Structures are given as C-alpha cells and as structure tokens.
Amino acid sequence: MNNRTIRLRASAAILIAAFASFILSVTLWFTGSEQQGIFVGLWVPSILSFGAVALQMGGKRHE
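The sequence shown stops at residue 598 when you use this note's numbering, and every number in between is there.
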C-alpha cells in the first residue's frame, strides 16, 4: 500500500470514530442519560484533534 492509501484509510477511520461518538452521544441524550450524553459528546472534538495531529506527524515521518 502506498502512503496516500494509508492516509486515506486513517482519515476515514478517524471520521467514523468521531461520527460513532456523536451518534452515541445523541442516543444517550435522548434516552434520558443527559450527563453521559454530554460526556461522550466531548469525545468528538478530541478524536478529531488527535486524528489531525496523528496525520500531520505521520506525514512528516514519511517525507
């Protein structure tokens, strides 16, 4: 696999994880677990931030 394919798959995995966290958060919120929904909702920006940093560091290593 080339570098572009690896980065594309990593980006997709990060977005899927963030979207799953968002869906879980909304589900918790509307089923009456508001506090847990807020907590899980805070994962979304954390996952996206981690992914951005990881992709940047991975790109620097291969250059």
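Beta carbons are placed, not taken as given, at the ideal position from N, Cα and C, and that holds for glycine.
These numbers come from a predicted model, not from an experiment.
{"query": "In chain order, what residues of the same chain lie with their CB nearer than 7 Å to the CB of A552, ignoring the 5 residues before and after it?", "result": "I582"}
{"query": "When the Cα atoms are used, what is the spatial distance from F565 to A555?", "result": "16 Å"}
{"query": "In its own chain, which residues sit with a C-beta less than 8 Å from the C-beta of I590, not counting the 5 before and 5 after it?", "result": "Here residue 590 is Leu; the residue named in the question, Ile, does not match the sequence. So the qualifying residues of the chain are R542, A545, S546, I549."}
{"query": "With distances taken from CA atoms, which of W578, S584, M592 is nearest F557?", "result": "W578"}
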